[in-house]
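Student: I have a structure I would like to understand better, so I am pasting it below and will then ask my questions one at a time.
Protein chains in written order, with the working numbering: chain C, 1 to 304; chain G, 305 to 574; chain S, 575 to 879.
Rendered as structure tokens:
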């Protein structure tokens, strides 16, 4: 054999044996457990809402510190993704910023024979954001419907009596992609029944995206979780109807239900959870877990 | 005109570095993400990318090299060979999202692998295969026919000639092609997004064996995407630093292949 | 006659068989991709709900609607077309210019350096490009053009152009190199200037290869996913209309590729939404297949194979 062939064969052999070790690692070997702590860990899969993805990750991180025998993986993709994964059987917990629809619950029951179990993990206010220098301060649900809804009549800032800083009159609508629970929830609350969102809005990927873009764009309007606010944007006060009081999105107004666009944040499991999944959910609902909810700008779950 | 292209590029890279500077350090690579991924490092993502790249290349390289050997050494000039060549070119041009759809349908669902490192690596392997075939073919065809003929004239069989003469003389060219695909596999997001990569997965700091073949993992490319679109309150430096690391890894690997290519040129025996 | 052991003959036979199998792997995979993508989407095609013509020509894209799902992708096609066309308008002159420069006008040392720069440019991952579009280009476009928002056709087009230039340059340069020196010598012999030689002799002679280079660049642009997902604003909107300049580069759009990437995760397996995304996948695969096939046929024509 030439020198080069020898080299190649050796290299390949190293790679292959490396692969075998890696592949067999998870099945449990006799290597000392202090050196490889990952092999004894159990896993919990957590997927779904983008609104909740950051709390979910913060929970996973904190829980991982407190409890090193459990590994929690967090995936986003939107509430729709989480529910789909629950129905497909590829996740243990689905995070949702909207309730499961009856159709989805039926599908889960049909596929797995178990009813989905719902837990309210916290509350969220959907804030309507504009650029911090935008002269607008409050808005009604009806106006939002006309801005965002199919066939809605409001397309320019001048219709609202406003002149944005950069001089552009066209309202730039920032929205989310249709897999988002935020998208669905906003639609149900704001857009007139039976209508869809008006085409042409910028449909962004994550809750943070929306706020970032609005912070840079004086003539934009958008909606996102109140936990995502930054210094470059302003949250509008919202009133249910013209002439009624407009409320700021904050803890108080959400808890006493005066802020009209607020919603619970859910976790769903297939059937009643047991073992480590139940322990995890209980932990998230405990004081330690709920503190993380507050730190991330959301509202703790109502105690009842 | 050429300057107009190079200068903005340098400016962009410079800007990236400038914004990334506060967060860049050796620790950044080996630390775990902390505080909701706003601080700390990118170790799980870095490790995940390493796994995906290695496994996909271990799968794609042998198949690609052997396919190229077939095309260059065995195949006759007929319509069938023409179709194979066409297929290689078309496979190279398939959009990355269609590869993702294929990976989802074939590896995650049909083969029952579920979303896993293995499914994602297989998807990446199919994606990098055509370029490995093309570059290996070129390396093989650069070996002069006279070498082969001399060997055949001595009664050496075809395969033995390939193994003993052709391949050793083209190994650097073959390696170059494979190395180039490392950067492709490391940089793609779409094919791994639905086949095995997640937003967050806890691993131990510096743990090299954290992922099993059927686990899900994080990856640099995906991490850059989620951190710049989904995680709020991240200090600017963190996504820029992630971008710089990803870019750095990719450019380094490419530079390696360029150096290798220059080495071949100067050390060729013919 | 050399004597070979039975073992050697057998093992060699096995290896050669393996090699042949790998040889057809590319064909197998191309078919497999088409098959699997089609298989996942076929349910919707054959159900009553789906009308192909309506699919291609209406712009109402509401696949997730419960009351009235509509699957019109004309706005998405317009998005892909607008970004690709604008990208090519930028990339082709640049790319061909650089290819010409490298091939005809520069010193060997500079040639090496430029080729390396081009290769490094090609290696930049698409998500990094998307990130650049989202952060740097966004602000730049807003400042330079006074646009209300920087996530637009223009943003996507510039990024795509930078991604396609390397392909156009490398294949274009190959095509120019393939023109025999005798053409150039004949030109010089007749006393034409450098530029005249380029316009009247080289470009026409290399036109097939250059066309193929452009087509492959187009294929790259059409198929790009992450960069356009992040840079174009992802809005269902047709940026073409009857008023000048006909293509409104400062509008936000959404491409076919970005739509699949953004919406695939959400869908429940085998739902209509899931299937229609796979149908878009088939559409994309077909388009890029045709583009690549055309480019290949043109190139084969050049090399006379």
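In this text, a Cβ means the ideal position worked out from N, Cα and C, and glycines have one as well.
Predicted model only: the values in this text are computed from it and were never measured.
1) With a cut-off of 8 angstroms on the beta carbons, I'd call residue 376 of chain G and residue 441 of chain G a contact; round off their distance for me.
2) Beta-carbon of residue 725 of chain S versus every beta-carbon of chain G: anything under 8 angstroms?
3) Can you have a look at residue 194 of chain C and say buried or exposed, based on whether 16 or more other CB atoms are within 10 angstroms of its CB?
4) Since residue 604 of chain S meets chain G, which of its residues come closer than 7 angstroms, beta carbon to beta carbon?
5) Roughly how far, in whole angstroms, is the beta-carbon of residue 783 of chain S from the beta-carbon of residue 748 of chain S, given that I think they are within contact range, below 8 angstroms?
6) Below 6 angstroms CB to CB, which residues in the same chain sit around residue 420 of chain G once its five sequence neighbours on both sides are set aside?
7) Please classify residue 22 of chain C: does DSSP put it in a helix, a strand, or coil?
8) Using the Cα positions of residue 129 of chain C and residue 221 of chain C, report the straight-line distance between them to the nearest angstrom.
9) Taking residue 849 of chain S as the reference, give the member of S/641, S/814, S/834 and S/705 with the closest Cα.
10) Would you kindly check if the distance between the Cβ of residue 596 of chain S and the Cβ of residue 471 of chain G is under 8 angstroms?
11) Tell me, please, whether the CB atom of residue 458 of chain G is closer than 8 angstroms to any CB atom in chain C?
12) Can you pull the chain G neighbours of residue 635 of chain S, defined as C-beta to C-beta under 8 angstroms?
13) Three or more C-beta pairs closer than 8 angstroms, one from the segment 268-283 of chain C and one from the segment 183-197 of chain C: is that the case here?
14) Along the chain, where does the beta strand (DSSP E) containing residue 596 of chain S start, and where does it finish?
15) Using a C-beta cutoff of 8 angstroms, does residue 62 of chain C count as contacting chain S?
16) By how many angstroms is the C-alpha of residue 135 of chain C removed from the C-alpha of residue 397 of chain G?
17) Please report whether the beta-carbon of residue 75 of chain C lies at a distance below 8 angstroms from any beta-carbon of chain G.
18) In or out: residue 30 of chain C buried (at least 16 other Cβ within 10 Å) or exposed?
19) Taking the alpha carbon of residue 722 of chain S as the point to measure from, which residue in C/145, C/147, C/156 and C/144 has its own alpha carbon closest?
20) Could you give the C-beta distance for residue 817 of chain S and residue 199 of chain C, rounded to a whole number, given that I count them as a contact under 8 angstroms?
21) Taking the alpha-carbon positions, what's the residue 550 of chain G to residue 729 of chain S distance?
22) Rounded to the nearest angstrom, what separates residue 629 of chain S and residue 503 of chain G at their Cα positions?
23) Does DSSP classify residue 335 of chain G as helix, strand or coil?
24) To the nearest angstrom, how far is it from the Cα of residue 523 of chain G to the Cα of residue 300 of chain C?
25) Express the C-alpha separation of residue 757 of chain S and residue 561 of chain G in angstroms, rounding to a whole number.
26) Do you know offhand how far residue 831 of chain S's Cα is from residue 646 of chain S's?
27) Mind pulling the chain S residues with CB within less than 9 angstroms of residue 350 of chain G?
28) Using the Cα positions of residue 365 of chain G and residue 400 of chain G, report the straight-line distance between them to the nearest angstrom.
29) Within 8 angstroms of any Cβ in chain C, is that where the Cβ of residue 649 of chain S sits?
30) Would residue 24 of chain C be called buried (16 or more neighbouring beta carbons within 10 Å of its own) or exposed?
31) What does the Cβ neighbour count give for residue 115 of chain C, buried or exposed, with the cut at 16 atoms within 10 Å?
32) Indicate whether residue 580 of chain G and residue 852 of chain S have their beta-carbon atoms separated by less than 8 angstroms.
33) Name the residues in the segment 429-454 of chain G whose C-beta lies less than 7 angstroms from a C-beta of chain A; which are they?
34) For the beta strand (DSSP E) that contains residue 809 of chain S, what are its first and last residues?
35) Please determine, among C/196, C/43, C/209 and C/124, the residue with the shortest C-alpha to C-alpha distance to residue 298 of chain C.
36) Given this structure, state the Cα-to-Cα distance separating residue 664 of chain S from residue 788 of chain S, to the nearest angstrom.
Tutor: To lay it out plainly:
1) Taking C-beta atoms under 8 angstroms as the contact rule, residue 376 of chain G and residue 441 of chain G qualify, at a distance of about 5 angstroms.
2) Chain G, which has no Cβ nearer than 8 angstroms to the Cβ of residue 725 of chain S, makes this no.
3) Around the CB of residue 194 of chain C, fewer than 16 other CB atoms lie within 10 Å, so the residue is classed as exposed.
4) 391, 394 and 395, listed in chain order.
5) Between residue 748 of chain S and residue 783 of chain S the Cβ distance is about 7 angstroms, and since that is below 8 angstroms, they are a contact.
6) The residues 500 and 518, in chain order, have a CB closer than 6 angstroms to that of residue 420 of chain G in the same chain once the five nearest residues on each side in sequence are set aside.
7) Because residue 22 of chain C carries a pLDDT of 40, less than 50, the predicted location of this residue cannot be relied on, and no value is offered for it.
8) Answer to the nearest angstrom: the Cα atoms are 6 angstroms apart.
9) Distances from the alpha-carbon of residue 849 of chain S to those of S/641, S/814, S/834 and S/705 put S/834 closest.
10) Contact flag unset, no.
11) By this cut-off, residue 458 of chain G is not an interface position.
12) Here the premise fails: no neighbours, minimum Cβ distance about 17 angstroms.
13) No, because fewer than three Cβ pairs between the segment 268-283 of chain C and the segment 183-197 of chain C fall closer than 8 angstroms, the two stretches do not touch.
14) Where residue 596 of chain S is concerned, there is no enclosing beta strand (DSSP E), although the alpha helix (DSSP H) it sits in stretches over 580-597.
15) Chain S contact via Cβ: absent.
16) When rounded, the distance between both Cα atoms is 50 angstroms.
17) Yes, its Cβ sits closer than 8 angstroms to a Cβ of chain G.
18) Its pLDDT being 29, under 50, residue 30 of chain C is placed unreliably by the model, and nothing is read from it.
19) When only C-alpha atoms are compared, the closest one is C/156.
20) In this structure, residue 817 of chain S and residue 199 of chain C do not form a Cβ contact; the two beta carbons are roughly 19 angstroms apart against a cut-off of 8 angstroms.
21) Residue 729 of chain S has its alpha-carbon roughly 22 angstroms from the corresponding atom of residue 550 of chain G.
22) Between residue 629 of chain S and residue 503 of chain G, the C-alpha separation is close to 33 angstroms.
23) In the displayed model, residue 335 of chain G falls within coil according to three-state DSSP, outside both helix and strand.
24) Rounded to the nearest angstrom, the two C-alpha atoms are 32 angstroms apart.
25) Taking the straight line joining both Cα atoms gives about 35 angstroms.
26) Taking the straight line from one Cα to the other gives about 15 angstroms.
27) Under a criterion of Cβ atoms nearer than 9 angstroms, no residue of chain S is adjacent to residue 350 of chain G; the nearest Cβ is some 14 angstroms distant.
28) In this structure, the CA atom of residue 365 of chain G is about 19 angstroms from the CA atom of residue 400 of chain G.
29) For residue 649 of chain S, the nearest beta carbon of chain C is closer than 8 angstroms to its own beta carbon.
30) Note that residue 24 of chain C scores a pLDDT of 35, beneath 50, so its modelled location is shaky and nothing firm can be said.
31) Residue 115 of chain C is exposed by the Cβ-count criterion.
32) What the structure shows of chain G is the stretch from 305 to 574, and residue 580 of chain G is not part of that stretch, so it cannot be assessed.
33) Although the question refers to chain A, the structure presented lacks it and instead comprises the protein chains C, G and S.
34) Premise fails: residue 809 of chain S is in no beta strand (DSSP E) and is neither H nor E.
35) Nearest C-alpha to residue 298 of chain C among C/196, C/43, C/209 and C/124: C/124.
36) Residue 664 of chain S and residue 788 of chain S: Cα-Cα distance of roughly 12 angstroms.
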